[in-house]
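Asks: The structure follows.
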Amino acid sequence: MNKTDLAAIANAMVAEGKGILAADESTSTIKKRLASIDVESTEESRRAYRDLLFTTEGAEEFISGVILYDETLRQKAGDGTPFPALLNSRGIIPGIKPDKGAKPMAGFPGEKVTEGLDGLRERLQEYYDLGARFGKWRAVITIGDNIPTRTCLAANAHALARYAALCQEVGLVPIVEPEVLMDGAHTLERCEEVTTATLNLVFAALVEHGIFLEGAILKPNMVISGKECPKQAGPKEIAEATVRCFRRSVPAAIPGIVFLSGGQSPEEATENLNAMNALGEQFPWELSFSYGRALQEPVLKVWKGKPANVPAAQKAYYHRAKLNGAARYGTYTREMEQAG
Ligand code: 13P
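What follows is the structure in structure tokens.
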């Protein structure tokens, strides 16, 4: 493990005014996204869509890194340049999702544990050789009656720590993603309680496994009301609860916290991140974004799979990235939505 290199990559991933694009949808997830715009999912349509994103002029002003899926890491842009080399040439760091998805946890109805540790060392080495410089592993925590259990939290924390150790061994910065889902009618307070318990176990496991925290990034959910909760907290309340939760559970050694959007609308995801950075407080870590749906939804809607729509779709991506870049400084306003 080269700690200097790991820390340098981690810091570059959360550089000022920039965040990460999550474009690492598995083949089954991207199929659903493409189906939403009536586009058939083929290797070529998936490639064309990622090509659109990665060749967007100026995206590097607001995007520090892109998370890729196995297939995408091996694909090429229209001019034959492999995607990792294309991203690198623009100053964007390529990353990889090496997990094999969250599967039902035996003996724990309603709960999931993420698989993919078998053979991970060899796969990570190959990803490094293909140009990836960071990884992402997503654990899913569901809030419901009597769940999550401590057993589920501990099993996921253990897997995250083993993945993180293997990443750092080959020179990849691990993005550690414990996602407490927003599905359900739970309150913001319950989300804060579960997120705190999750993070406490995740960091205990990371420390126990000897993870170099200065070379790791946390990708969590925001502390937010459940989607079906009758009382929906606003941006200020979300920002205060989220920051309080992370101050209590995330070591200052972590360079950055990059939030997932998790089903929030693009505008909500931007507004909530902005509200945190607008609190006027000093944080020990950067507060940034690693959005999938919240960055891509507007792009898909404009693109619709038609080559003629590529310039307009790229404009939509650039605009969304720019707004999230502003949220990194707490300077985003709803009026800026119109400007693009
Ligand atoms: P969303 O922003 O769509 O939640 O995706 C982020 C991600 O990478 C989930 O693993």
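To convert a position in the sequence shown, counted from 1, into our numbering, add 1. Using N, Cα and C, we set each Cβ at its ideal position, and we do this for glycine too.
So, using beta-carbon positions, are residue 157 and residue 114 closer together than 8 Å?
Replies: Contact flag set, yes.
Asks: Taking 7 Å as the cut-off, is the CB of residue 261 close to at least one heavy atom of ligand 1?
Replies: Yes - ligand 1 has a heavy atom lying nearer than 7 Å to the Cβ of residue 261.
Asks: In the DSSP output, which residue or residues are listed as bridge partners for residue 290?
Replies: Answer is 260, bridged to residue 290.
Asks: Could you tell me if residue 177 is buried or exposed, where buried requires 16 or more neighbouring beta carbons within 10 angstroms of its beta carbon?
Replies: So residue 177 counts as buried.
Asks: Leaving out five residues before and five after residue 121 in sequence, what residues of the same chain have Cβ atoms less than 7 Å from its Cβ?
Replies: 99, 164, 167.
Asks: What is the DSSP secondary structure of residue 82, counted as helix, strand or coil?
Replies: Residue state, collapsed to three classes: coil.
Asks: In this structure, what does DSSP give as the bridge partners for residue 139?
Replies: Answer is 178.
Asks: On a Cα-Cα basis, can you pick out the residue from 332, 257, 286, 334 that is closest to residue 21?
Replies: Per the Cα distances, 257.
Asks: Does the Cβ of residue 58 have 16 or more other Cβ atoms within 10 Å, making it buried, or fewer, making it exposed?
Replies: Result: exposed.
Asks: Secondary structure at residue 313, three-state DSSP: helix, strand or coil?
Replies: Helix.
Asks: Is residue 322 near ligand 1 - that is, is its Cβ less than 7 Å away from at least one heavy atom of it?
Replies: For ligand 1, not one heavy atom lies less than 7 Å from the Cβ of residue 322.
Asks: Check whether the region 29-49 touches the region 2-20, counting contact only when three or more Cβ pairs, one atom from each stretch, lie closer than 8 Å.
Replies: Output reads no: the region 2-20 does not touch the region 29-49.
Asks: Determine the closest residue to residue 150 out of 107, 296, 71, 117, with distance taken between C-alpha atoms.
Replies: Comparing Cα positions, the closest option is 107.
Asks: Can you tell me whether residue 24 is helix, strand or coil according to DSSP?
Replies: DSSP places residue 24 in strand when its eight states are reduced to three.
Asks: On the DSSP letters alone, give me the boundaries of the alpha helix (DSSP H) that residue 239 sits inside.
Replies: Per DSSP, residue 239 belongs to the alpha helix (DSSP H) from 236-250.
Asks: Per DSSP, residue 145 is paired with what?
Replies: In the DSSP output, where bridge partners are listed per residue, residue 145 has 148.
Asks: Provide the residue(s) that pair with residue 68 in DSSP beta bridges, ordered along the chain.
Replies: Its beta-bridge partners are 23, 96.
Asks: With three or more beta-carbon pairs closer than 8 Å as the criterion, would you say the region 290-302 touches the region 259-267?
Replies: A contact exists between the region 290-302 and the region 259-267.
Asks: To the nearest angstrom, how far is the alpha carbon of residue 215 from that of residue 244?
Replies: Roughly 20 Å between the two C-alpha positions.
Asks: Where residue 207 and residue 249 are concerned, what is the direct C-alpha to C-alpha distance, given to the nearest angstrom?
Replies: Cα to Cα, the separation comes out at about 16 Å.
Asks: For the alpha helix (DSSP H) holding residue 267, just list the boundary residues, first then last.
Replies: 267-278 is the span of the alpha helix (DSSP H), which, as asked, contains residue 267.
Asks: Based on the DSSP output, what are the partners of residue 219 in its beta bridges?
Replies: Answer is 177, 258.
Asks: Can you name, in chain order, every residue of its own chain whose Cβ lies under 7 Å from the Cβ of residue 252, other than the five neighbours on each side?
Replies: Closer than 7 Å at the Cβ level, and outside the excluded window around residue 252, lie 204, 214.
Asks: Measuring CA to CA, which of 86, 102, 281 is closest to residue 139?
Replies: When only C-alpha atoms are compared, the closest one is 102.
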